[in-house]
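Worksheet for the structure shown next.
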Ligand code: COA
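Residue numbers (the numbering used here): 307 to 567.
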């Protein structure tokens, strides 16, 4: 089984739930937690029993209130770069995961918390959640991919405003900006909504779903030719058993039984 100091992990019906568990620090991400997050996500890639993941924060107040400022305060130019690159790598692992990963945002999603949420494929938040990239208050900027993903998700103009002012926005504003997919009233509704979305995705052809993630990410990667990635992925789907199953099921007027191969 999994053994973590700063995460809670459980699996239910193929859905692996990872909770950042430093409630007394509003789930701030110290480096040890980021390393555990790397292991937890690697587990999602590797384990055949895990079909999807939800990332959330322990308690009712905070998803993640940022990177741990006590650690940030010790950084210099050299280890600052490493700190940023390490976090970027872990968050890219989340973003590139071929199985669906949803952020269940149950409170503050600030700094590294907003960045973590943005690295997930979809975001569902309680209506009392708060979002922001307040790093400029500390004399830094987001280092875990936030400048890039925020621009991708909400557009350059809104991203620049949030990043330059450090403003904190409400969940309603985040919904309006397209930063979150759905809002729910209570924490119970939050997990139920995430599971409802995952249930829908998990009824589809897993290989095709994984390739969708890869193709959409390619659209934001200047080193990739997105249309070529799409055509390659399409061809790969065409040689899969799930493609035969999906098309046969449609023509035979039955529900497909996908095997992910
Ligand atoms: N890093 C380290 N510790 C943090 C933290 C962070 N990012 N965010 C909160 N904490 C700690 C606080 O220091 C406090 O610890 P203490 O009880 O040992 O003093 C504890 O979590 C509770 O936080 P507190 O500030 O007392 O709660 P609050 O309800 O008054 O305020 C916030 C909540 C989120 C507005 C406030 O904690 C905050 O601004 N946090 C930093 C947000 C930030 O700048 N994130 C980006 C970092 S790069």
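All C-beta atoms, glycine included, are put in the ideal place defined by N, C-alpha and C.
Under DSSP, the beta strand (DSSP E) around residue i begins and ends at which residues?
i: residue 414; result: 414 to 416
i: residue 323; result: 321 to 326
i: residue 476; result: 474 to 476
Is it right to say residue i is buried, meaning 16 or more other beta carbons lie within 10 angstroms of its own, or is it exposed?
i: residue 333; result: buried
i: residue 366; result: exposed
i: residue 485; result: buried
i: residue 556; result: exposed
i: residue 383; result: exposed
i: residue 373; result: buried
i: residue 564; result: buried
i: residue 528; result: exposed
i: residue 560; result: exposed
i: residue 312; result: buried
i: residue 455; result: buried
Which residue marks the beginning of the alpha helix (DSSP H) containing residue i, and which one marks its end?
i: residue 533; result: 532 to 544
i: residue 463; result: 462 to 471
i: residue 387; result: 383 to 401
i: residue 338; result: 337 to 352
i: residue 513; result: 512 to 525
Can you tell which of the options has its C-alpha closest to the C-alpha of residue i?
i: residue 380; options: 433, 524 and 444; result: 444
i: residue 543; options: 309, 527 and 521; result: 521
i: residue 351; options: 558, 321 and 372; result: 321
i: residue 362; options: 374, 343 and 389; result: 343
i: residue 477; options: 530, 423 and 466; result: 423
i: residue 397; options: 411, 412 and 345; result: 345
i: residue 430; options: 386, 456, 412 and 463; result: 412
i: residue 494; options: 395, 331 and 433; result: 433
Once you ignore the five residues that flank residue i on each side, which residues in its own chain have a CB closer than 6 Å to its CB?
i: residue 526; result: 458
i: residue 427; result: 406 and 407
i: residue 452; result: 421 and 439
i: residue 539; result: 517 and 521
Looking at the C-beta of residue i, does it have a partner C-beta in chain C at a distance below 8 Å?
i: residue 312; result: Of the protein chains in the structure, only one exists, and it is not chain C.
Considering only residues of the same chain and omitting the five flanking positions on each side of residue i, which have a CB-CB separation below 7 Å?
i: residue 504; result: 321, 358, 406 and 408
i: residue 551; result: 562, 563 and 564
i: residue 340; result: 392, 393 and 396
i: residue 515; result: 406 and 507
Grab me the residues of residue i's own chain with a C-beta within less than 8 Å of its C-beta, minus the 5 sequence neighbours each way, in chain order.
i: residue 442; result: 469, 470, 471 and 472
i: residue 317; result: 323, 355 and 356
i: residue 599; result: Summary: the structure shown does not reach residue 599, with the chain confined to residues 307 through 567, and so no result is reported for it.
i: residue 402; result: 519, 520 and 523
Contact check, residue i vs residue j under 8 Å by CB: the rounded distance?
i: residue 360; j: residue 500; result: 5 Å
i: residue 327; j: residue 314; result: 5 Å
i: residue 378; j: residue 437; result: Not quite, the Cβ-Cβ distance comes to about 19 Å (not below 8 Å), so this is no contact.
i: residue 449; j: residue 389; result: 7 Å
i: residue 496; j: residue 410; result: 5 Å
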